[in-house]
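Peer 1:
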Amino acid sequence: MLRPADITQLCEIIAGSGGPFRLRGGGSKDAIGSPTDAAVIDMRGFAGVVDYDPPELVLTVRAGTPLAEIQALVAGEGQMLAFEPFDHAALLGGTPGLATIGGVIASGVAGPARLSRGAARDHLLGFTGVSGRGERFVAGAKVVKNVTGYDLPKLITGSWGRLVAITELTLKVLPAPRARTTLLARGLDPVAAAAAMARAMGSAAEVSAAAHLPAWEGGAVTALRLDGFPASIRARAETLHRLIDGLEPLEDDAPLWDAVRDAAPLPRDKPLWRIIVPGRNAPALIAALPGAEWLFDWAGGLVWLASDADPQAIRIAAANAGGHAMLIRADAAMRAAVPALHPQPAPLAALETKVRRAFDPAGLFETGRF
Amino acid sequence: MSLCMPEPDAGVLARRREIVAAMRAIVPGEGVIDHPDGLRAYEADGLTAYRQPPLVVVLPETTEQVARVLAWCHANRVKVVPRGAGTSLSGGALPLADGVLLGLSKLNRILDIDYADRIAVVQPGVTNLAITRAVEEQGFYYAPDPSSQIACSIGGNVAENAGGVHCLKYGLTTNNVLGVELVTIEGEVLRLGGRGLESAGLDLLGLVVGSEGLLGVVTEVTVRILPRPQTARALLIGFAEIETAGQCVAEVIAAGIIPAGMEMMDRAAIHAAEAFVHAGYPLDVEALLIVELDGPEGECAHLIGEIEAIARSNGAVSIRASASDAERASFWAGRKAAFPAAGRISPDYYCMDGTIPRRRLPDVLRRMGVLSEQYGLRVINVFHAGDGNLHPMILYDANQPGELETAEAFGADILRLCVEVGGVLTGEHGVGVEKRDLMPVMFSPVDLAQQQRVKCAFDPELLLNPGKMFPELHRCAELGRMHVHGGAVPFPELPRF
Chain A
9 MLRPADITQL CEIIAGSGGP FRLRGGGSKD AIGSPTDAAV IDMRGFAGVV DYDPPELVLT
69 VRAGTPLAEI QALVAGEGQM LAFEPFDHAA LLGGTPGLAT IGGVIASGVA GPARLSRGAA
129 RDHLLGFTGV SGRGERFVAG AKVVKNVTGY DLPKLITGSW GRLVAITELT LKVLPAPRAR
189 TTLLARGLDP VAAAAAMARA MGSAAEVSAA AHLPAWEGGA VTALRLDGFP ASIRARAETL
249 HRLIDGLEPL EDDAPLWDAV RDAAPLPRDK PLWRIIVPGR NAPALIAALP GAEWLFDWAG
309 GLVWLASDAD PQAIRIAAAN AGGHAMLIRA DAAMRAAVPA LHPQPAPLAA LETKVRRAFD
369 PAGLFETGRF
Chain B
100 MSLCMPEPDA GVLARRREIV AAMRAIVPGE GVIDHPDGLR AYEADGLTAY RQPPLVVVLP
160 ETTEQVARVL AWCHANRVKV VPRGAGTSLS GGALPLADGV LLGLSKLNRI LDIDYADRIA
220 VVQPGVTNLA ITRAVEEQGF YYAPDPSSQI ACSIGGNVAE NAGGVHCLKY GLTTNNVLGV
280 ELVTIEGEVL RLGGRGLESA GLDLLGLVVG SEGLLGVVTE VTVRILPRPQ TARALLIGFA
340 EIETAGQCVA EVIAAGIIPA GMEMMDRAAI HAAEAFVHAG YPLDVEALLI VELDGPEGEC
400 AHLIGEIEAI ARSNGAVSIR ASASDAERAS FWAGRKAAFP AAGRISPDYY CMDGTIPRRR
460 LPDVLRRMGV LSEQYGLRVI NVFHAGDGNL HPMILYDANQ PGELETAEAF GADILRLCVE
520 VGGVLTGEHG VGVEKRDLMP VMFSPVDLAQ QQRVKCAFDP ELLLNPGKMF PELHRCAELG
580 RMHVHGGAVP FPELPRF
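In order, the protein sequences belong to chains A and B. Going by our numbering, the first sequence opens with residue 9, and the numbers climb by one from there. Going by our numbering, the second sequence opens with residue 100, and the numbers climb by one from there.
1) Whose CA, out of B/Leu489, B/Leu195, B/Asn275 and B/Val168, lies closest to the CA of B/Asp144?
2) With a threshold of 16 other CB atoms inside 10 Å of the CB of A/Pro161, please say whether the residue is buried or exposed.
3) Figure out for me which residue from B/Ser543, B/Val518, B/His528 and B/Asp447 has the closest Cα to the Cα of B/Gln499.
4) My guess is that B/Leu572 and B/Leu561 are in contact by the Cβ rule of under 8 Å, so how many angstroms apart are they, rounded?
5) In terms of alpha-carbon separation, which member of A/Gly111, A/Phe91 and A/Ala326 lies closest to A/Ser36?
6) Is B/Asn274 helix, strand or coil when you go by DSSP?
7) On a Cα-Cα basis, can you pick out the residue from A/Ala90, A/Asp61, A/Asp266 and A/Ser124 that is closest to A/Ala212?
8) If you count every other CB in all the chains shown that lies within 10 Å of the CB of B/Ser423, and 16 or more means buried, which is it?
9) Find the residues of chain D that neighbour B/Gln499, judging by a C-beta separation of less than 7 Å, and give them in chain order.
10) Since I believe B/Ala506 is in contact with B/Leu476 (beta carbons under 8 Å), could you give me their beta-carbon distance rounded to a whole number of angstroms?
11) I'd like the ranges of any beta strand (DSSP E) spanning at least 3 consecutive residues and lying wholly in the segment 238–263 of chain A.
12) Given this structure, state the Cα-to-Cα distance separating B/Ile253 from B/Leu210, to the nearest angstrom.
13) Answer yes or no: does any C-beta atom of chain B fall closer than 8 Å to that of A/Arg186?
14) Out of B/Cys347, B/Gly379 and B/Leu388, point me to the one whose CA is closest to B/Met364's CA.
15) So is A/Ala208 in contact with chain B if we call contact Cβ pairs under 8 Å?
16) Taking 8 Å as the threshold (beta carbon to beta carbon), is A/His96 in contact with chain B?
17) Taking 8 Å as the threshold (beta carbon to beta carbon), is A/His220 in contact with chain B?
18) Compute the Euclidean distance between the alpha carbons of A/Asp61 and A/Leu67, then round it to the nearest angstrom.
19) Taking the straight line between their C-alpha atoms, what separation do you get for B/Gln222 and A/Ile324?
20) Please go through the same chain and pick out, in chain order, the residues whose beta-carbon is closer than 8 Å to the beta-carbon of B/Lys205, but skip the five residues on each side of it.
21) Thinking C-beta only, is B/Pro245 closer than 8 Å to B/Gly200?
22) So, A/Thr73 versus A/Ile109, is the Cβ gap smaller than 8 Å?
23) Rounding to the nearest angstrom, what Cα-Cα distance links A/Leu8 and B/Leu301 in this structure?
24) Does any residue of chain A have a CB that is nearer than 8 Å to the CB of B/Val308?
25) Under 8 Å between the Cβ atoms of B/Ala368 and B/Ile479?
26) On the criterion of 16 or more Cβ atoms from any shown chain inside 10 Å, does A/Thr103 qualify as buried, or is it exposed?
27) Which residue from B/Ile406, B/Gly305 and B/Ala428 puts its Cα closest to that of B/Leu277?
28) Would you tell me roughly how many angstroms separate the C-alpha atoms of B/Trp171 and B/Arg574, rounded to the nearest one?
29) Skipping 5 residues on each side, what residues in its chain have a beta carbon closer than 6 Å to that of A/Val268?
30) What are the uninterrupted segments assigned as alpha helix (DSSP H) that are 4 or more residues long and contained completely in the segment 262–318 of chain B, given in chain order?
31) Could you pull out every residue in the same chain whose Cβ sits closer than 6 Å to the Cβ of A/Val57, ignoring the five residues on either side in sequence?
32) Expressed to the nearest angstrom, what Euclidean distance is found between the alpha-carbon atoms of A/Ala239 and A/Ala354?
33) Taking 8 Å as the CB-CB limit, is B/Gly487 close to chain A?
34) Could you tell me whether the Cβ of A/Ile381 comes closer than 8 Å to any Cβ of chain B?
35) Considering only C-alpha positions, which residue in the set A/Ala98, A/Leu89, A/Glu143 and A/Met205 is nearest to A/Leu133?
36) Determine the chain A residues that contact B/Tyr214 at a beta-carbon separation under 7 Å, and present them in chain order.
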């Protein structure tokens with residue numbers, strides 16, 4: 009394993025004669041993608057906070073800094089990373105606390121609040137990194153509003169280490185809500201649940217997260233989360249009560265939202281898929297895949313699905329529903345055979361390849377993992 | 100005028116008749132304009148100091164026509180400048196003498212509205228405000244609201260990643276677009292993103308938004324629409340010093356409040372606006388804050404109380420809270436009229452768009468005052484205080500020889516100052532031609548070469564909107580070989596324009 013201590017060493021490694029290289033933070037998502045024996049560049053040498061000025065809503069950190077450390081830091085100032093990034097240890101197995109912020113950004117991790125507050129890509133303002141050419145470059149900036157040059161921060165978010173070795177990141181942070189409440193509807197079928205979530209999202213209640221679990225403590229629950237100022241939450245809860253019958257408050261809602269985020273209720277012995285669809289199509293998607301176990305997050309826009317059905321059938325069902333399916337958890341043999349990322353139409357795949365070559369002309373970051 | 104565009108290709112100019120005929124074969128009837136009078140209507144966008152009639156104007160009505168136009172131009176090595184409504188303040192749609200101007204205004208239909216998934220699918224020529232108009236009866240709206248929203252098109256908003264006064268809470272265009280149909284310079288029609296919240300694969304959608312028409316032509320846009328908040332209220336707060344106004348903004352945000360809008364005006368802007376629209380602004384203050392809250396009535400009332408307390412503790416000399424929508428509109432009237440108000444007190448004005456870390460505001464305004472004296476030109480300031488996006492307006496008279504150049508030099512110094520204090524050249528107007536030559540202030544040659552390589556992945560012959568965004572035109576083959584050492588650019592002989 010290569011562990012550069014600074015950018016100069018990182019440039020030397022990449023510009024040297026080796027490769028391909030797998031860029032790695034804490035390794036919390038090692039179990040995603042095709043197994044590969046590519047040389048690992050451990051990015052944890054780039055650690056620590058560079059600048060944090062809470063009223064500016066901007067945080068600059070080195071990419072190898074543990075996510076948990078950053079979340080504790082901003083929480084201490086009453087702030088948060090609004091896209092709810094999380095550690096994949098619960099989802100994939102492994103030691104909690106290893107996930108780094110660079111890994112979070114490289115894989116575009118976002119939790120239930122992504123529905124209302126945006127994804128990782130919406131909160132990355134700028135970065136410094138080293139391209140596959142072994143050159144250090146910067147893009148974006150360290151202020152919350154900027155359109156100078158191409159928005160490369162969006163492009164590198166979720167690029168899974170195939171464009172750039174990120175060494176430093178500037179993130180937008182936001183005030184953490186002072187209070188939160190979750191309301192539950194019980195016993196809805198998937199169609200009724202999707203409709204109820206759409207009604208809630210279309211109201212002025214400003215629902216921050218909406219999920220549906222078909223089996224949670226003995227029955228189906230549809231959960232609607234409100235966060236903000238206490239007076240406001242009360243008013244918005246009343247709006248929801250007028251809209252949806254039989255809502256009841258859930259005391260201590262953290263276990264439920266953690267379970268949604270980690271797809272915890274789904275069986276661990278079947279391949280786990282993360283399927284993005286327009287929310288209204290989520291019920292049709294699961295109807296097309298009988299026998300699968302599933303839950304809805306993002307008001308149906310994210311379907312976690314555990315199934316040992318034919319991967320091709322799952323991807324066709326996802327595409328028919330207007331979406332795409334990523335393989336998140338499976339045994340090594342299946343991961344070697346089934347690409348983790350949903351294959352793109354040929355013209356788009358060709359363009360993606362050209363964009364990757366623009367950063368990495370020799371394919372040093374192409375490890376076969378994706 | 101201090102900016103130059105690439106030298107027109109004499110060979111292309113000589114083929115003008117053939118090019119017009121080829122365009123007419125693709126877009127029949129009045130969709131091709133080649134008469135000099137007709138071309139003049141397209142010679143400038145919102146950056147009116149720069150004018151250049153295009154070779155020919157083409158106004159396609161279908162995606163297929165767009166694709167055929169681009170494919171023909173690609174095959175025949177003819178440059179293309181895409182144009183939406185032509186409201187760009189950075190010259191993003193400035194035509195080229197040897198280029199086709201591809202106007203998207205006839206692609207102006209709303210294709211689908213889905214309230215369950217809260218999206219609207221529209222063609223690029225639909226205006227920003229027309230999206231809100233189409234969905235407001237159902238209680239929805241489209242959040243980004245650039246000041247030109249009556250006129251500007253959503254396609255142009257996508258190209259420029261347009262903002263507005265509500266960005267801090269609701270984001271820019273890029274945070275409100277889920278998918279586009281993009282036609283490449285080869286004429287290939289691609290779909291990036293869709294109706295779901297994430298794209299598969301690389302986030303090319305995020306790359307294309309804000310790419311200023313250099314990567315492809317957008318022929319369809321899927322946007323998120325939001326439920327209209329139940330109420331909106333505003334505060335009008337006057338301060339005796341810029342510093343205390345800035346401190347008030349910082350403390351509002353530190354208190355965990357993200358207002359829907361938070362605008363600041365300096366003394367000169369207050370006086371210009373008040374003289375123009377009689378908004379009832381206090382005239383004995385150095386800085387005026389407009390803070391807008393939206394949400395449930397109880398939330399707005401609660402936050403207004405909190406902000407009033409913060410303002411008082413920072414020595415606010417006047418505080419008014421709107422009691423009605425009419426009063427709220429009157430608070431905004433002066434701010435929204437700031438540009439025409441500047442036009443009223445000066446023959447011409449030049450609007451800048453830098454962003455700075457908010458904490459540097461007093462320092463930046465002080466130094467801007469010094470520059471104002473040095474250049475002998477007045478400047479008035481309005482600014483999106485929540486996100487640090489400054490809009491200094493430099494007042495000048497284009498009829499006085501040399502004054503435009505002086506205004507441009509002053510503006511460039513303001514933007515250098517923004518970068519020096521940790522900010523950027525443009526917060527929402529785009530680089531275009533206007534800030535193109537300042538890009539090296541913010542980015543090193545390596546940074547710029549990397550961005551240009553991305554351009555090359557989409558458009559290796561540099562046919563789409565050349566002369567915008569990048570200060571130098573590197574041929575893509577050279578960029579592929581180029582290694583930049585110690586910040587020195589190789590190929591110094593390449594044309595700089």
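Every residue, glycine too, gets a C-beta built ideally from N, C-alpha and C. As the structure is a prediction and not an experimental result, all values here were calculated from the model.
Peer 2: On the basis of the supplied data:
1) B/Leu195
2) buried
3) B/Asp447
4) 6 Å
5) A/Gly111
6) helix
7) A/Ser124
8) So B/Ser423 counts as exposed.
9) Structure shown: chain D not included; protein chains present are A and B.
10) Confirmed, Cβ separation roughly 6 Å.
11) 256–258
12) 13 Å
13) yes
14) B/Leu388
15) In terms of beta-carbon proximity, A/Ala208 stays away from the interface with chain B, with every pair separated by 8 Å or more.
16) Cβ-Cβ to chain B under 8 Å: no for A/His96.
17) So, not an interface residue.
18) 7 Å
19) So the two alpha carbons sit approximately 28 Å from each other.
20) Gly130, Leu158, Pro159, Glu160 and Gly224
21) According to the sequence shown, residue 200 of chain B is Leu rather than Gly. Taking 8 Å as the Cβ cut-off, B/Leu200 and B/Pro245 do not qualify as a contacting pair.
22) Contact: yes.
23) As shown, chain A starts at 9 and ends at 378. That puts residue 8 of chain A outside it, with no answer to give.
24) B/Val308 belongs to the set of residues whose beta carbon lies under 8 Å from a beta carbon in chain A.
25) yes
26) exposed
27) B/Gly305
28) 21 Å
29) Pro120, Ala219 and Asp305
30) Segments of the alpha helix (DSSP H) lying fully in the segment 262–318 of chain B: 266–269 and 303–307.
31) Val69
32) 52 Å
33) yes
34) Outside the modelled stretch of chain A, which goes from 9 to 378, sits residue 381 of chain A, for which no answer is possible.
35) A/Leu89
36) Gly210
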